[in-house]
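Residue numbers (my numbering), protein chains in the order written: chain A, 10 to 269; chain B, 1118 to 1459.
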Amino acid sequence: MRRYKGLTIFAILVFAFLFIPLFIIAVTAFGSEPTISFPIKGFSLAWFAKALSSESFKKAFILSMQIAFLATVLALIIGIPAAYALSRYSVKGRKFIKNFFLSPTIVPGIVVGYALFQFVIIKLKMPVFEGLLLGHFLVVLPYIIRVVGGSLEQFDYSIEEVAWSLGCNKFLAFFKVVLPNISSGIISAFLLAFINSFNNIPVSMFLSGPGITTLPASLMSYVEYNYDPTVSAVSVLLMLATIVIMFIVEKTLGISALAK
Amino acid sequence: MAFVDLKDICVSYDGKTNVLEGLNLQIKEGELVSLLGPSGCGKTTTLRVVAGYIDTKSGEFLVDGQNYTKVPVHKRNFGIVFQSYALFPHLTVKENVAFGLKMRKMDKATIDKKVAEMLEICGLSEYKDRLPKQMSGGQRQRVALARALVIEPKLLLLDEPLSNLDAKLRIQMRVEIKRLQKKLGITTIFVTHDQEECFSISDRVAVMNGGVIEQYDTPENIYAHPNTEFVARFIGFENFISVHKQADGTYKAQDYTFKTETTGKDEAKITIRPDDIEIIDEPSSLNGVSGIIQVRTFLGKSYQYEVSTPIGNLIVNGDGNKVYETGQDLNLRLPAHKIVLV
């Protein structure tokens, strides 16, 4: 064990570096002062009350959830068959297509956001909600294709071939045999895509419209003009929500299902 | 008339080179036929053509007089077992076996009855509620077999089904497969690269090379009378000696004369298994040759010698009674009835 002592200390430092800011944010949310300060001088739940009663945050939260959910589901509907086709059949230029689908995660978010803004808002003159949905769909699609594709690489296609021989047509075999065996990949892809869409700022910033904006984007613009702990309170609520979701996933599927 | 009839089947993956070159194969009803050959010889491709996974470039495939060439896989009603077993990982043994019957929209009572019967036949009744990952390789293979057989297939297709099992289990399973196949009378195609496995199980064997069948015969005939040098090499012949036919029907390699049971072309090769060369005390003028032991290898039951003779190096297996040393002179005799002409 002694050999790894240095590594242990290093790991603890990394964890501290990651978690101390979160901890400080969480503490400031309960402060009684009108500006964010640490340590806090008095205890108050007023900022939570303010965050929860804020119409604009509420609207932004609901929109974020809607966009994240719809964009992820759409990306699953398109992405799973695409990933299947890419791994099952020797499509021409398969490597190029795979890399192409990874590209939005390599290209800086701000560039993607600007490009989408040019195309979706200026050229197509799409309504704001649809524009946001399309933008988020494009942002999360690569995650779906990569993660589901990774799951399919592990899949033994002779299982599917046996299903055909037993009287399943190709369509049915995909649902009865392929999908159940990549379910863990699909769940991971869903969570990853959902979280990425929910957290996304650059694309949302460009594609938001008057009165229609996502939660991270509205938090950003809020802190530009205000420095009160409402944002801390919202952050704490989001962290709690994430913990609850992870807890449910762990209880129903097991975290290991995501690691597969 | 043949039950299964493959006529001039050509298959190409890239459109240029043919993997199968006008393959012809006839199988009688209830027969177990093996496709034997090294990897890349087209045996698995042939099986996949029969199963319907690969489209043919040309040729016809008939079963029982019906043309199956363009019938999609799921309408063929053939049972297939893969090397990887390919069980449905998310289903129990019982559900795996019931899968094909459910697809046929049978009622539940019939399915339960048929599945229970098949599990009983395959000795799997006690494992019916297990998942595939909770079973051993041999058990999984039996589930795969039960799943393929329960649909009462027209043909049973086995793609190297025993290659993932250990040696002892492999022998046990091949007896099992033979027993089930005979009991149910299902016409079967068995793909393998293992000649011992193939000879023990098959009614007839098709030895394949480069996309064509080199020889199609009973295991006994192939073992004793390979037609071509490739077949001979593949089933364990060594010692290929180029010979020239004489006026009296004997063959001559340099100054040595060999008498054979059959005669053929003027320029030919004779071949003999290392086990069939006799080591004798006195040089023999007919079918005899002498040489010096170059290498001695221990095989377990006996030694193998590489003997350099004027007609080339010969591989000879000793009989286990007498041991010879490297560098020693050896008189060999190639018995006429063991020599094969290719």
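Note that CB positions come from ideal geometry on N, CA and C, so glycine has one too.
Across which residues does DSSP place residue i in a beta bridge pair?
i: F52 (chain A); result: A:G40
i: F70 (chain A); result: DSSP lists no partner for F70 (chain A).
i: E1423 (chain B); result: B:V1412, B:I1432
i: T1304 (chain B); result: B:L1272
i: Y1373 (chain B); result: B:A1370
i: N1326 (chain B); result: B:V1329
i: A1341 (chain B); result: Per DSSP, none; premise fails for A1341 (chain B).
i: D1122 (chain B); result: B:Q1143, B:L1179
i: T222 (chain A); result: T222 (chain A) pairs with nothing; no bridge assigned.
i: V1406 (chain B); result: B:L1449
With DSSP run on the structure shown, which of helix, strand or coil describes residue i?
i: I76 (chain A); result: helix
i: E1399 (chain B); result: coil
i: C1127 (chain B); result: strand
i: K1187 (chain B); result: coil
i: D1276 (chain B); result: strand
i: T114 (chain A); result: helix
i: Q1529 (chain B); result: Summary: the structure shown does not reach residue 1529 (chain B), with chain B confined to residues 1118 through 1459, and so no result is reported for it.
i: F199 (chain A); result: helix
i: Q1445 (chain B); result: coil
i: I1197 (chain B); result: strand
i: L133 (chain A); result: coil
i: S217 (chain A); result: coil
i: E1146 (chain B); result: coil
i: R97 (chain A); result: helix
i: G1154 (chain B); result: coil
i: G15 (chain A); result: helix
i: G1254 (chain B); result: helix
i: R1450 (chain B); result: strand
i: T1309 (chain B); result: strand
i: N1135 (chain B); result: strand
Can you tell me the Cα-Cα spacing of residue i and residue j, whole angstroms?
i: D1372 (chain B); j: V1459 (chain B); result: 20 Å
i: A1119 (chain B); j: E1148 (chain B); result: 10 Å
i: K1160 (chain B); j: I1126 (chain B); result: 13 Å
i: F203 (chain A); j: A84 (chain A); result: 10 Å
i: G220 (chain A); j: L150 (chain A); result: 26 Å
i: I21 (chain A); j: P1206 (chain B); result: 40 Å
i: I1144 (chain B); j: I1268 (chain B); result: 21 Å
i: G2 (chain A); j: V243 (chain A); result: Any question about residue 2 (chain A) goes unanswered here, given that chain A covers just 10 to 269.
i: T1374 (chain B); j: K1382 (chain B); result: 16 Å
i: G1429 (chain B); j: L1403 (chain B); result: 17 Å
i: D1392 (chain B); j: I195 (chain A); result: 59 Å
i: V1190 (chain B); j: G1176 (chain B); result: 17 Å
i: M248 (chain A); j: V1308 (chain B); result: 58 Å
i: L1282 (chain B); j: I1238 (chain B); result: 21 Å
i: T251 (chain A); j: T1186 (chain B); result: 56 Å
i: I106 (chain A); j: P238 (chain A); result: 45 Å
i: L16 (chain A); j: F128 (chain A); result: 48 Å
i: V1329 (chain B); j: F1415 (chain B); result: 37 Å
i: V240 (chain A); j: L79 (chain A); result: 26 Å
i: I1318 (chain B); j: G1255 (chain B); result: 17 Å
i: L1137 (chain B); j: S1425 (chain B); result: 40 Å
i: A69 (chain A); j: K59 (chain A); result: 15 Å
Please list the terminal residues of the continuous beta strand (DSSP E) segment that includes residue i.
i: V1232 (chain B); result: Unbroken run through V1232 (chain B) is the alpha helix (DSSP H), 1225–1238; no beta strand (DSSP E).
i: L1248 (chain B); result: First-last for L1248 (chain B): undefined, no H or E at that position.
i: S1359 (chain B); result: 1355–1362
Would you give the residue range spanned by the alpha helix (DSSP H) that residue i belongs to?
i: M1290 (chain B); result: 1284–1301
i: K248 (chain A); result: The residue asked about is misnamed: residue 248 (chain A) is Met in this sequence, not Lys. Where M248 (chain A) is concerned, the enclosing alpha helix (DSSP H) stretches over 239–261.
i: A1203 (chain B); result: Careful: A1203 (chain B) lies outside any alpha helix (DSSP H) and carries neither H nor E.
i: V1180 (chain B); result: Element bounds for V1180 (chain B): not the alpha helix (DSSP H) but the beta strand (DSSP E), 1175–1180.
i: T1163 (chain B); result: 1160–1168
i: S174 (chain A); result: 166–174
i: K1219 (chain B); result: 1210–1220
i: E1384 (chain B); result: That residue, E1384 (chain B), is in no alpha helix (DSSP H); its beta strand (DSSP E) goes 1384–1389.
i: L1241 (chain B); result: Element bounds for L1241 (chain B): n/a, residue is neither H nor E.
i: K179 (chain A); result: 179–182
i: E1346 (chain B); result: 1346–1351
Classify residue i: buried if its beta carbon has 16 or more other beta carbons within 10 angstroms, exposed otherwise.
i: S112 (chain A); result: exposed
i: G1169 (chain B); result: buried
i: G1302 (chain B); result: exposed
i: D1276 (chain B); result: buried
i: E1314 (chain B); result: buried
i: V186 (chain A); result: buried
i: P211 (chain A); result: buried
i: T223 (chain A); result: buried
i: G1154 (chain B); result: buried
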